[in-house]
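Numbering follows our numbering, in which position 50 of the sequence shown is assigned residue number 50; successive positions increment by one, without gaps.
The C-beta atom is built at its ideal place from N, Cα and C for all residues, glycine as well.
This structure is a prediction, so every number in the text was calculated from the model and none was measured.
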Amino acid sequence: MKSSAIALVALLLVGSTGCLALDAVERLPTVYTTEDGIDFQVELIAQGLQVPWDMEFTAAGDLIITERAGRLLLFSANGERRVLDHLPQVLTRGESGLMGLALHSESRDQTFIYLCYSEQKGLFGVKNQLIKALLGRFGLLQETELLSWPGDRFHNGCQVAIGPDQKLYVTTGDATEGELAQQQNSLLGKVLRLELDGSVPADNPWPGSYLYATGLRNPQGLAWHPFTGQLYSVDHGPSGFDGERGGDELNRIHPGGNYGWPLVSHGQRRPDLINPQLIWADSVAPAGLVAYSGDQLPGMKNNLFITALAGKALIRVVLDSAGAPLAREELLKGQFGRLRAIAQGPDGHLYLATSNRDGRADPAQADDLLLRLVIAE
Numbered sequence: 001m002k003s004s005a006i007a008l009v010a011l012l013l014v015g016s017t018g019c020l021a022l023d024a025v026e027r028l029p030t031v032y033t034t035e036d037g038i039d040f041q042v043e044l045i046a047q048g049l050q051v052p053w054d055m056e057f058t059a060a061g062d063l064i065i066t067e068r069a070g071r072l073l074l075f076s077a078n079g080e081r082r083v084l085d086h087l088p089q090v091l092t093r094g095e096s097g098l099m100g101l102a103l104h105s106e107s108r109d110q111t112f113i114y115l116c117y118s119e120q121k122g123l124f125g126v127k128n129q130l131i132k133a134l135l136g137r138f139g140l141l142q143e144t145e146l147l148s149w150p151g152d153r154f155h156n157g158c159q160v161a162i163g164p165d166q167k168l169y170v171t172t173g174d175a176t177e178g179e180l181a182q183q184q185n186s187l188l189g190k191v192l193r194l195e196l197d198g199s200v201p202a203d204n205p206w207p208g209s210y211l212y213a214t215g216l217r218n219p220q221g222l223a224w225h226p227f228t229g230q231l232y233s234v235d236h237g238p239s240g241f242d243g244e245r246g247g248d249e250l251n252r253i254h255p256g257g258n259y260g261w262p263l264v265s266h267g268q269r270r271p272d273l274i275n276p277q278l279i280w281a282d283s284v285a286p287a288g289l290v291a292y293s294g295d296q297l298p299g300m301k302n303n304l305f306i307t308a309l310a311g312k313a314l315i316r317v318v319l320d321s322a323g324a325p326l327a328r329e330e331l332l333k334g335q336f337g338r339l340r341a342i343a344q345g346p347d348g349h350l351y352l353a354t355s356n357r358d359g360r361a362d363p364a365q366a367d368d369l370l371l372r373l374v375i376a377e
């Protein structure tokens, strides 16, 4: 990422028009090899992003990216790159800002977008909210607030995803008040489950409540395994002020499950709590999560991929037929810096974005980057 070669390639790709076709990319020369012998490379799609947080493809093949400062970017399948909209109400403070997104298409020409972002509350407070809007050609239309809850400078969660059951799933952090993660009268430190119109599903674990899982600290990535249908999430462990650093987790989310925060961490066990699938003793800061189901990365199908901020790596997790981890490895370690946003494209490739301009890294001139993984030629 620091090399002048990458910066030069990025400038050549974007040019002066700001337009870029998703198939007009430059393959970077380095070949990486997984522990089981799969050779792959990285293609540079674009540069100059500003703290991309989440991304998803529309049914028409366009890529929508949220930037933490409140911008929605569009990379269209026909080569257009532009700011789709800017949300001036978004508060960017600490880790807060424009974060998770999910898309729901009722037809090829009508797509709804769900966004989770932070707003100012009073003089110094933070509120997180979930909105639904119609995705227009030149911005958001018919914006509706579905739900809001207290936020903070840190630990906002705010990942959004639509499950195979056509329900809306939202993660919430503990807003640095860990005890709230165990309280059922609080939306903090949870995975929430909603109907697409924002109402409470009748089959939620607690009748009349949005709560789906409890006892989480700052969960972000959400993904359903394409073979087993199981829901996974990653959670950030303590960072010093609230416990020994490290203890990041990969969890398999069960309806009504309690994942223990702040009662336990770092692999401590209690019979009434659900244990993590994986624990990282040293913090990697897991952010995005994808269960890969494409055919463009042979040998990696049905693997989980986790982007790591502090770990500066793409973590690959191989699962057995029951969905339990068999092996894990760190790919691209230190090559591109902090990684956050991740998505599987309609072309079957994995797309990644760096987060080197988030105040916790030394960004290169080209940052932040949009990347794609491909099998080596």
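7 Å Cβ shell around residue i - same chain, five flanking residues per side excluded
i	result
D36	G299
A310	S283, V284 and A285
P226	A291, S293 and N302
K121	K127
G345	F57 and Y351
N275	R269
Of the residues the options, the one placed nearest residue i, counting alpha carbons only
i	options	result
E143	L371, C116 and Q230	C116
V25	R338, A46 and D39	A46
A376	G229, T34, Q41 and E329	Q41
R270	N258, W280, E249 and I279	N258
P88	L297, E80 and L98	L98
A382	L123, L146, G125 and V126	This structure cannot settle anything about residue 382, because the visible part of the chain is limited to 1 through 377.
L369	H254, W280 and M55	M55
E106	A361, A59 and V126	A59
G323	D197, K127, L84 and I253	I253
R357	T33, F241 and W53	W53
H279	G136, R245 and R108	Note that residue 279 is Ile in the sequence shown, not His. The shortest Cα separation from I279 among G136, R245 and R108 belongs to R245.
Q296	S239, L72, L373 and V234	L373
H236	F112, A281 and L91	A281
G229	V200, P164 and T92	P164
S199	Y210, G189 and W206	Y210
L84	L91, V90, T92 and T66	T66
A102	W149, V90, L72 and R82	L72
R81	D39, G345, R137 and Q184	R137
G334	G208, L91 and T307	T307
I64	E179, I38, F112 and T34	F112
V90	K190, E119 and E179	E119
W224	G359, L304 and G189	L304
Neighbourhood of residue i by C-beta distance below 8 Å, restricted to the same chain and skipping five residues each side
i	result
D62	L74, F75, S76 and A77
L371	V42, E43, L44, I45, F336, Y351, L352, A353 and T354
L11	With a pLDDT of only 34 at L11, under 50, the local geometry of the prediction cannot be trusted, and no value is derived from it.
G15	Reliability of the predicted coordinates at G15 is poor, the pLDDT of 34 falling under 50, and the value obtained from them is presented with this limitation in mind. Excluding positions up to five away in sequence, the list is empty.
D248	V234, D235, H236, G237, I279, W280, S283, V284, A285 and P286
Contact check, residue i vs residue j, beta carbons under 8 Å
i	j	result
D174	N218	yes
G337	K312	yes
V51	R27	no
G215	A161	no
R328	R340	no
L187	T176	no
L141	V170	no
L194	L222	no
L196	Q166	yes
Q268	L250	no
Y114	L130	yes
D39	T33	yes
Residue i at chain D interface by Cβ criterion, 8 Å
i	result
G267	Within the model displayed, chain D is absent; a lone protein chain is all it includes.
Residue(s) in a DSSP beta bridge with residue i
i	result
A55	Note that residue 55 corresponds to Met in the displayed sequence, not to Ala. Its beta-bridge partners are I65.
E119	K127
D248	W280
A343	Y351
T307	L314
Q41	V374
K132	Y114 and T144
G257	A213
I162	L168
E26	L44
Sequence-distant residues of its chain with Cβ nearer than 6 Å to residue i (five each side left out)
i	result
G243	S265
F154	G94, E95 and T176
E330	A313 and I315
F124	none
Distance between beta carbons of residue j and residue i, contact taken as under 8 Å
i	j	result
G100	H86	About 17 Å separates the two Cβ atoms, so there is no contact after all.
A343	F57	6 Å
L407	Y212	The displayed coordinates of the chain run from 1 to 377. Any statement about residue 407 would go beyond what the structure contains.
G48	A366	7 Å
L332	L326	No, L332 and L326 are not in contact; Cβ-Cβ is about 21 Å, not under 8 Å.
L273	G260	4 Å
V126	G157	The Cβ separation is near 13 Å, so there is no contact.
W206	Q184	7 Å
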